[in-house]
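Enquirer: Residue numbers (numbering that gives the first Met the number 0), protein chains in the order written: chain A, 0 to 639; chain B, 0 to 253; chain C, 0 to 218. The beta carbon of each residue, even a glycine, is placed where N, CA and C say it ideally should be. This structure is in structure tokens; I'll ask about it shortly.
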Amino acid sequence: MTQSNLFSKAPEGELYTKWEEYKGSLNKLTPEEANKYKIIVIGTGLAGASASATLAERGFNVHAFSFHESPRRAHSIAAQGGINAAKNYKSDGDSVMRLFYDTIKGGDFRSREDNVYRLAEISKNIIDQCVAQGVPFAREYGGLLDNRSFGGVQVSRTFYARGQTGQQLLLGAYSALSRQMEKKKVVFYPRHDMLDVVLVEGKAKGIVTRNLVDGKVETHSADIVILATGGYSNVYYLSTNAMASNVTANWRAHRKGALFANPSFTQIHPTCIPVKNDFQSKLTLMSESLRNDGRVWVPKKKNDQRKPTEIPEEERDYYLERIYPAFGNLVPRDVASRRAKEVCDEGRGIGPTGFAVYLDFQKAIEEKGEDFIREKYGNLFDMYQNITDENPYKTPMKIYPAVHYTMGGLWVDYNLMTTIKGLFSIGESNFSDHGANRLGASALMQGLADGYFVVPHTAMDFLAKETPLMQDITDRPEFKEAAEKTKNEIAKLMSVDGKLAVDEVHRELGKIVWDKIGMARNEAGLKEALLEIPKIKEKFWNDISIPGSDKDINQELEKALRIKDFIELAELMAFDALDRKESCGAHFREEYQTEENEAERNDQDYKYVAAWDYSENEEPKLYKEELKYNNVKLKTRSYK
Amino acid sequence: MNVNLKIWRQGSDSDKGTLKAYRLENIDPNISFLEMLDILNIKLVKEKKDPVAFDHDCREGICGSCGFMINGRPHGPQKATTVCQLHMRAFNNEDDILLEPFRAESFPVIKDLSVDRKSFDRIISSGGYVSTNTGEAPEANSISIEKEYADEAFLSSACIGCGACVAACKNSSAMLFTSAKVSHLSLLPQGQKEGKDRVAKMVATMDEEGFGSCTNTGACSAECPKEIGQINIARLNQEYISSSLSGFLKKKDG
Amino acid sequence: MSIIKLLTSSVGRKILMAITGLLLAFFMAFHLFGNLFLFVGEEAFNAYVNKLHQLGFLIRIAEFFLVLFVGSHAYSGILLWIKNRKAKKVVSSYSKENTPSAARSAAFTGSIVFVFLATHWSTFWYKFNFDLQGMSYYYVVTESSVGFGSPAVSIFYIIAIALLGYHLKHGIASAGQTLGIVGTKYESIYDNLAAIFWFWIPLGFISIPVWFGFLVRII
């Protein structure tokens, strides 16, 4: 049995009523009282924008920061597929309990029951909220909301707006935020990178930022700080994340004492457009919804060079349908990804690199008609054709897994507060709800649940017990010291006068992380990674070159500040993956697999959240939060 | 393939700015336009020269960050495509390619190809929302919306706020951008209640921000990477007229 | 929204231009109706003009509004043009590919039309009202030196009205957009009517200098 020394602080009581009761018991502030407090929110994606808007509506003064020029540019905007909610509009037997169970099971029993149930419960309110804001979800001819089914589940509970659900939801949250900006309850700081969190008497009371336009290092104080800074997939260099998505805010908080949980739980999405060459800067996801009508296959023969249309039916291996007759092409992401890697490793991969599989719509087009497919996926097909120069109506798509989402993140308790008092973390930036693998259409759900419906209550409760600062305290020594440290770090980076562009170092780092801490891991590889990453770090600090000035827009400096943190994070990921001697969800340790090559979980020893404490010169220290399952039975995940 | 680039280099809005020539050789035609700029920037960094600043983020054509003029056209020659989705195969070997920022009085240059589009945010802030607080929403399916209207609203709401419409317009008008939001909300029952007030406020802000006026040339829609249609401008005008008329009526009543 | 705010906002000014523009186009139709009496014959045309003159006071009111419409149409147009010049910072490579030339040149064609109107009034209108010198209306139009007796005047009229038609090609379509007719069920009716106004009516006007200025002399 594991020794746990970290607790979620979830209230006691019945799972089904826990959140409602707890919410009622939390301390409240009137808008007049709330007006005395100032809240800093970092990041204005789905989680950050929704939290900022809601807190401002409750009367708090919110200062929202983003490295983007506008909240509408946040990467939430790129989410394609949809958002889950247990509305049971299709009467297919869906319920809060079922969404809860699917999410827990999908996460391979490595997420916290209480959080996941709350998420499932809140999912319904999210849809109501978004519709009221004017989010144009897809509708049926009768005028009611339409749903579709999405990877890994057997009910239709996914609400969508063509292939642009994230965009529409973000624009909804952005509009709510804009409304509060107009009312002067939210002050927005565009093009500001957060570079440190400032602690006063052990509590988060402010931040250090760099203005990306004029390079000024500034300090800001507030009563609490909320991080809504997204995930860290870009540690792999190539991922489906936006170019500037980074771990810096979270990592700086981690360095100040916030524990980082399950860093090695990173999701590899099965349906991305394969890498084409060395200049590739990022990967493009094709929505998982495509797997509803697309069939995944590779040739039965190795190194089959024929065109896909020339390969007869009997020489194709629809391997997902073969291995998983019940779920077929709709198995969860981690399973679909790993199986794709497996067939490619066998030499049956297709395309010029051999690292791709087919996603074929021929059957769906024959059965349902091209118009039906066009109506449902038109924009995705166009996007595919534009990028690859191939027409997916005529020839199957080529896809391959790519890093897409990170389940790991800052450890938070039931209130979404990190181990630093007054520092909250919401959305993808925390670790809380998806365990070892996230199901499709639940990232948008979690971001909005945290931002609209959870953190406004728990942050208010925290603040109600705090005396408001009522003034700017950035003249305190803690702020001056933090700003000084940041300035020194920037000066040090600017003075490295090497010959490599930071992107080149990043690409090298990404290759190590992808090869050794990617879709499949093993002890030897992880140990190698731990030897190689420090070399990358050395290279970074000696060989990079940042031309220009730090008093100006300097995109190379911005990247360098981020990559510096990615390198440190990569090390922690290796430690985490090494510690977890089991396979679960997206974390596949090759040593721990069944005879059928399925993940072999070890609930006896590893039913815990691994939360790591930073230490400058020693190995990170592991804290464990024991996971308790009182309402579901631990089962081996099976999608057969 | 080889390309001859001419790129607008400018330190800030107050600088004069100038075009500088760069040549890139042996470029794979299958890389994206921005990857081509990445290659140029890495080359510049290695030569200890200041790399070209340009905005970009998602590289999937949805965040609206990227955008500049390529040979005088916003987002370049390919229809319905953002710069990040443009590939080098859209050009020929030895082509001259001229890159300049989106220019408008309301889009000051920050550096090189990067411009400040905060004026767009201020237009949205002045009314581009439904005034509803979190938690007050009724059951989602209590509002029924004809599919046709929901689909139309979606098409308007698909605007990515990149600013190509302003750059394409000979008047630097933000009418397409503003009307897309007005249209999206006025097509839905949730947005109709505040419709009259919204259109008046958003048009007023658009004017204050210094954008030019629309002379219905249609260049904006033709260049829009998301193909936001002229119909949105007609809808804004309808809303504006009905907003003005209801204003007169109210005055008489009072 | 107050009327001041309506008339001074960019959209309001466009609405004003659209309405005055369309009213002027209607006036043109009426004007052409009268002009066609020229083809009926000298007596018919003179009788028609005399009829109009008998309306006296009413015709002055109509003329007042006409001038008001032209004035406010031009005034709004100039203000918008100035605003638009200020808003634009042209890039050296700016491509006009997607801006139709009728739309691009609307301010220019409008200015030419304005010059034409000024000439038209100071010649025909002035002569008809104050300076007939015993000539018949028909003669002034078809034979006098301010009329189509002069080939230069005829050519000027043909070019100016052609430009007016070109101005209307953009103007009427634009008015449909500004008044929100585009996208409604009236759009196709409007488009058909628009063609009458920008193509057939100007063609009717042009037929007069073409016939009386040239053809009638050759035949």
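Closer than 8 Å, CB to CB, is A:G214 near chain B or not?
Expert: Your numbering for residue 214 of chain A matches position 215 in the first sequence. It does not; no Cβ of chain B falls within 8 Å.
Enquirer: Name, in chain order, the residues that DSSP records as bridge partners for B:D94.
Expert: Here residue 94 of chain B refers to the residue found at position 95 of the second sequence. Answer is B:V2, bridged to B:D94.
Enquirer: Kindly indicate which three-state DSSP category A:F108 falls into: helix, strand or coil?
Expert: On the first sequence, position 109 is the one that residue 108 of chain A refers to. Correct three-state label for A:F108: coil.
Enquirer: Please state if the CB of C:L31 and the CB of C:F213 are separated by a distance shorter than 8 Å.
Expert: Numbered from its first residue, the third sequence carries residue 213 of chain C at position 214. Numbered from its first residue, the third sequence carries residue 31 of chain C at position 32. For C:F213 and C:L31, no; Cβs fall outside 8 Å.
Enquirer: Would the stretch 61–77 of chain A count as touching the stretch 109–116 of chain A if we require 3 or more Cβ pairs under 8 Å?
Expert: Contact fails: fewer than three Cβ-Cβ distances are below 8 Å.
Enquirer: Drop a sphere of 10 angstroms on the beta-carbon of A:Y159, count the other beta-carbons inside from all chains shown, and report buried for 16 or more, exposed for fewer.
Expert: Looking up residue 159 of chain A in the first sequence gives position 160. So A:Y159 ends up on the buried side.
Enquirer: At the 8 Å Cβ level, is C:N97 part of the contact set with chain B, yes or no?
Expert: Here residue 97 of chain C refers to the residue found at position 98 when the third sequence is read from its first residue. It does; some Cβ of chain B falls within 8 Å.
Enquirer: Tell me whether A:T593 is buried or exposed, calling it buried when 16 or more other Cβ atoms sit within 10 Å of its Cβ.
Expert: As a working mapping, residue 593 of chain A is identified with position 594 in the first sequence. A:T593 comes out exposed.
Enquirer: May I ask you to list, following chain order, the residues of the stretch 88–121 of chain B that have a beta carbon less than 8 Å from some beta carbon of chain A?
Expert: If the cut-off is 8 Å between Cβ atoms, the stretch 88–121 of chain B has R88, I109, K110, S113, D115, R116, K117, F119 and D120 near chain A.
Enquirer: Indicate whether at least one CB of chain B lies closer than 8 Å to the CB of C:R103.
Expert: Numbered from 1 along the third sequence, position 104 holds the residue referred to as residue 103 of chain C. Answer yes: the Cβ-Cβ gap between C:R103 and chain B drops below 8 Å somewhere.
Enquirer: Quick one: complete beta strand (DSSP E) runs, 3+ long, within the stretch 414–480 of chain A?
Expert: Runs of the beta strand (DSSP E) inside the stretch 414–480 of chain A: 422–424.
Enquirer: Please work out which residues of its chain come closer than 8 Å, Cβ to Cβ, to B:D196, disregarding the five sequence neighbours upstream and downstream, and give them in chain order.
Expert: Here residue 196 of chain B is taken as the residue at index 197 of the second sequence, counted from 1. Result list for B:D196: G126 and S242, in chain order.
Enquirer: On the CB-based measure, 16 or more other CB atoms within 10 Å of its CB, does C:R216 come out buried or exposed?
Expert: Residue mapping note: residue 216 of chain C aligns to position 217 of the third sequence, counting from 1. C:R216 comes out exposed.
Enquirer: Closest to A:E120 by CA distance: which of A:K215, A:K86 and A:D602 is it?
Expert: Reading the first sequence from its first residue, position 121 is the one you call residue 120 of chain A. Of the listed residues, the one whose Cα sits closest to A:E120 is A:K86.
Enquirer: At the 8 Å Cβ level, is A:E389 part of the contact set with chain B, yes or no?
Expert: The sequence position of residue 389 of chain A within the first sequence is 390, counting from 1. Not an interface residue.
Enquirer: Please say whether A:N630 and A:L14 have beta carbons closer to each other than 8 Å?
Expert: On the first sequence, position 15 is the one that residue 14 of chain A refers to. On the first sequence, position 631 is the one that residue 630 of chain A refers to. Their beta carbons are under 8 Å apart, which means A:L14 touches A:N630 by this criterion.
Enquirer: Note down, in chain order, all residues in the stretch 216–227 of chain B with a beta-carbon under 8 Å from any beta-carbon belonging to chain C.
Expert: Cβ contacts with chain C come from T216, G217, A218, A221 and E222.
Enquirer: Under 7 Å Cβ to Cβ from B:G253, same chain only, skipping five residues before and after it: list those, please.
Expert: Taking the second sequence and counting its residues from 1, one reaches residue 253 of chain B at position 254. At B:G253, the pLDDT of 36 sits below 50, so the modelled position is not reliable and the matter cannot be decided from this model.
Enquirer: Indicate whether B:E231 and B:S182 have their beta-carbon atoms separated by less than 8 Å.
Expert: Indexing the second sequence from 1 puts residue 231 of chain B at position 232. Indexing the second sequence from 1 puts residue 182 of chain B at position 183. Correcting the residue identity first, residue 231 of chain B is Asn in this sequence and not Glu. The answer is yes: Cβ separation under 8 Å.
Enquirer: Beta-carbon within less than 7 Å of C:A117's beta-carbon, same chain only, minus the 5 sequence neighbours each way: which residues are those?
Expert: Numbered from its first residue, the third sequence carries residue 117 of chain C at position 118. Nothing meets the Cβ criterion.
Enquirer: Under 8 Å Cβ to Cβ from A:V197, same chain only, skipping five residues before and after it: list those, please.
Expert: As a position in the first sequence, residue 197 of chain A is number 198, starting the count at 1. Counting only Cβ-Cβ distances below 8 Å, and skipping sequence neighbours, we find A203, K204, G205, I206, V207, T218, S220, E477, F478 and A481.
Enquirer: Would C:L15 pass as an interface residue toward chain B - the criterion being a Cβ-Cβ separation below 8 Å?
Expert: Within the third sequence, numbered from 1, the residue matching residue 15 of chain C stands at position 16. Not one chain B Cβ lies under 8 Å of C:L15.
Enquirer: Under 8 Å between C-beta atoms, does B:D252 make it to chain C?
Expert: In the second sequence, counting from the first residue as 1, residue 252 of chain B sits at position 253. The predicted position of B:D252 is uncertain, since its pLDDT is 44 and thus under 50; no value can be drawn from it.
Enquirer: Can you give me the start and stop residues for the alpha helix (DSSP H) that C:F25 sits inside?
Expert: On the third sequence, residue 25 of chain C is found 26 positions in, with the first residue counted as 1. Segment S9 to N34, the alpha helix (DSSP H) holding C:F25.
Enquirer: Which residues, taken in chain order from the stretch 57–77 of chain A, show a beta carbon closer than 9 Å to some beta carbon of chain B?
Expert: Under the 9 Å Cβ criterion, the stretch 57–77 of chain A contributes R57, H67, E68, S69, P70, R71, R72, A73, H74, I76 and A77.
Enquirer: Are the beta-carbon atoms of A:A50 and A:V185 separated by less than 8 Å?
Expert: Against the first sequence, residue 50 of chain A aligns to sequence position 51. Against the first sequence, residue 185 of chain A aligns to sequence position 186. No. Outside cutoff.
Enquirer: Which residue marks the beginning of the alpha helix (DSSP H) containing A:P269, and which one marks its end?
Expert: The residue labelled residue 269 of chain A in the question sits at position 270 within the first sequence. Taken as a continuous stretch (DSSP letters only), A:P269 belongs to no alpha helix (DSSP H), being part of the beta strand (DSSP E) at T265 to C271.
Enquirer: From B:L23 to C:S71, what distance separates their C-alpha atoms?
Expert: Numbered from 1 along the second sequence, position 24 holds the residue referred to as residue 23 of chain B. Numbered from 1 along the third sequence, position 72 holds the residue referred to as residue 71 of chain C. About 55 Å.
Enquirer: Might you give, ordered along the chain, the residues of its own chain that have their beta carbon closer than 7 Å to the beta carbon of A:L319, omitting 5 neighbours on each side?
Expert: For this step, residue 319 of chain A is matched to residue 320 along the first sequence. Cβ within range, chain order: V295, G327, N328, V330, A335 and R338.
Enquirer: What residues are listed by DSSP as bridge partners for B:P73?
Expert: On the second sequence, position 74 is the one that residue 73 of chain B refers to. Beta-bridge pairing links B:P73 to B:M68.
Enquirer: Closer than 8 Å, CB to CB, is C:A86 near chain B or not?
Expert: On the third sequence, residue 86 of chain C is found 87 positions in, with the first residue counted as 1. Yes - at least one Cβ of chain B is within 8 Å of the one on C:A86.
Enquirer: Residue range of the alpha helix (DSSP H) that C:K126 falls in?
Expert: Start at 1 with the first residue of the third sequence, and residue 126 of chain C comes out as number 127. Counting along the chain, the alpha helix (DSSP H) containing C:K126 begins and ends at Y125 to F129.
Enquirer: Which chain B residues are close to A:G92, counting only those with a beta carbon under 9 Å from its beta carbon?
Expert: Numbered from its first residue, the first sequence carries residue 92 of chain A at position 93. The contacting residues do not exist; A:G92 stays about 18 Å from chain B at best.
Enquirer: Considering only C-alpha positions, which residue in the set B:C164, B:D115 and B:G10 is nearest to A:K550?
Expert: Position 551 of the first sequence holds residue 550 of chain A. Checking every option, the nearest Cα to that of A:K550 belongs to B:G10.
Enquirer: Report the neighbours of B:Q237 on chain A: residues whose CB is nearer than 9 Å to its CB, in chain order.
Expert: Taking the second sequence and counting its residues from 1, the one referred to as residue 237 of chain B is at position 238. Those do not exist, as B:Q237 stays about 18 Å from chain A at its closest Cβ, beyond 9 Å.
Enquirer: When DSSP labels each residue in this structure, what does A:Y188 get in the three-state scheme?
Expert: Walking along the first sequence from the start, residue 188 of chain A turns up at place 189. If DSSP states are grouped into helix, strand and coil, A:Y188 belongs with the strands.
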